[in-house]
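44 is the number of the first residue of the sequence shown in this note's numbering; add one for each residue after it.
From the three backbone atoms N, C-alpha and C, an ideal C-beta is built for every residue, glycine too.
Here is the structure we will look at.
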Amino acid sequence: MNISRENIREISFNLYQPSAPRVQPPIVSGIIALDQIFDISCMQYHMNVIYRDGCLCISMFNKETTCSYFMLYTLATNKIIKLPQFNHPRVPEEFDFDMLRAVSTKPTSPDCVFLVLYISNYHKWSIGIYRRGDTDWSITEFEGDSDGIIPFLDDGVFIGGVFYFLCTDERLGSYDISSEELKQDSFAATIDYRDIHKFFGLDEELILAYCDVKARKFFITSYDWSQKVWVPLKSLGDQYLFFSSHSVYVDAINYYGVSANKIYIRKHRICYVYSLDNGELLECTSGLRNWDGLDYNSECSVWVEPPHLLPK
């Protein structure tokens with residue numbers, strides 16, 4: 044699915060069948076009229092998108108970067124859910140405006156917890172928590188590490204009541220939503236953080252996907268909690284991984300009929316196919332079969348379930 048914001052007033056999206064030729068129109072199209080939901084006169088053009096279980100979680104800053112606006116859009120039902128705005132200290136431009144945003148489970152679930160983490164400066168963190176049914180965000184401010192350690196990815200993982208995120212200087216950050224405790228633990232520096240592609244959860248484990256640029260290999264690793272080191276993932280079992288810049292799609296039914304223990308990455312109109320066993324690039328093509336319709340120069344793209352399998 045391609046998502047774009049061609050003007051300040053609306054967000055458009057198109058859902059394509061990956062095996063369809065370029066000339067085939069999208070199977071689902073839609074427009075989200077932002078000017079009917081927010082006061083767009085005070086909003087920035089930039090947006091952040093998280094996809095989870097049939098739902099787009101979209102956030103945008105105000106022009107002063109002192110407030111964030113949030114909404115949920117369910118693809119199967121076209122339902123829009125507006126969350127309370129979150130007022131926070133100003134986020135400087137050097138932090139790219141994109142700090143951590145994460146959800147604990149299906150966003151439309153009544154027990155879903157939303158987390159945002161903003162860095163005001165290298166020594167001050169603002170964490171906001173929102174639970175469905177709350178009238179406002181709860182905010183906690185922390186003094187950051189004296190060495191200026193900050194999150195460097197906007198990916199977060201929720202396991203067992205704790206949000207996890209990666210930080211600079213080989214640190215694994217965590218925030219316990221019950222105790223409101225923020226921690227940073229060091230792990231063995233076996234991976235250059237500049238090579239990291241995605242951080243996500245799979246089967247209640249922390250997973251790190253990274254690309255060895257020099258060797259032209261792509262690796263999937265899981266976190267060894269006892270040794271505090273990332274180790275190669277041996278098998279995906281009956282699951283298949285599809286990556287884009289904004290999402291990780293875990294296919295448990297092999298809807299597309301792909302081969303086991305291979306990794307599929309969509310980037311710049313190309314589908315790269317890697318071996319899970321040795322990280323070797325197996326195929327570099329315009330599509331897994333004929334996926335020319337996958338990228339239409341949109342602002343971002345995400346893998347989603349086939350339309351009839353989208354969660355409602």
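query = According to the neighbour-count rule (16 or more other Cβ atoms, all chains shown, within 10 Å of its Cβ), is N91 buried or exposed?
reply = buried
request  = Kindly indicate which three-state DSSP category P350 falls into: helix, strand or coil?
outcome  = helix
task = Can you tell me which of the three DSSP states L284 falls into?
result = strand
query = Can you tell which of G176, K271, P135 and D235 has its C-alpha closest to the C-alpha of F262?
reply = D235
ask   = Sorted by chain position, which residues of the same chain lie with C-beta nearer than 6 Å to K149's C-beta, five sequence neighbours on each side aside?
value = D96
inquiry  = Relative to the C-alpha of E53, which candidate in Q79, N45 and P68 has its C-alpha closest?
reply    = Q79
request  = Please look up how many angstroms separate the CB atoms of F195 and L215, rounded, as I've assumed it's under 8 Å.
outcome  = Not a contact, Cβ separation roughly 12 Å.
ask   = Start and end of the beta strand (DSSP E) containing I51?
value = Unbroken run through I51: none, as it is neither H nor E.
task = Specify, as a first and last residue, the run of the beta strand (DSSP E) that P275 falls within.
result = V272 to P275
request  = Look at the alpha carbon of K167 and the alpha carbon of V301, and state the distance between them as a whole number of angstroms.
outcome  = 46 Å
message = As a quick exercise: from T264, S288, S290 and H351, pick the residue whose alpha carbon is nearest that of N321.
response = T264
key: Whole-angstrom distance between Y161 and F113, CA atom to CA atom   = 15 Å
query = Exposed or buried, which one is W268 when buried takes at least 16 other CB atoms within 10 Å?
reply = exposed
request  = With DSSP collapsed to three states, give me the class of L331.
outcome  = In this prediction, L331 scores a pLDDT of 44, lower than 50, which makes its location untrustworthy; the coordinate-derived value is nonetheless stated afterwards. L331: coil per DSSP, three-state reduction.
key: Residue burial classification, G199 (beta-carbon count within 10 angstroms, cutoff 16)   = buried
key: Outcome for L77 when other beta-carbon atoms lying within 10 angstroms are tallied against a minimum of 16   = buried
Residues that Y266 bridges to, as DSSP identifies them = W273
message = Suppose you measure from the CA of N164 to the CA of E136; what does that come to, to the nearest Å?
response = When only Cα atoms are considered, N164 and E136 end up about 10 Å apart.
request  = Could you tell me which residues DSSP puts in a beta bridge with Q227?
outcome  = Q227 is bridged to G216.
request  = Please determine if the segment 199 to 212 and the segment 242 to 253 are in contact, where contact requires at least 3 C-beta pairs separated by less than 8 Å.
outcome  = yes
inquiry  = Which of the three DSSP states is assigned to Q79 in this structure?
reply    = For Q79, the secondary structure class from DSSP, reduced to helix, strand or coil, is helix.
message = Distance check for L284 and D255, CA to CA, integer angstroms please.
response = 18 Å
request  = Answer yes or no: do P132 and T178 have a C-beta to C-beta separation smaller than 8 Å?
outcome  = no
inquiry  = Is the separation between the beta-carbon of Y218 and that of L158 shorter than 8 Å?
reply    = Yes, the pair counts as a contact, with Cβ atoms nearer than the cut-off.
ask   = In three-state DSSP terms, what is S84?
value = helix
query = According to the neighbour-count rule (16 or more other Cβ atoms, all chains shown, within 10 Å of its Cβ), is R259 buried or exposed?
reply = exposed
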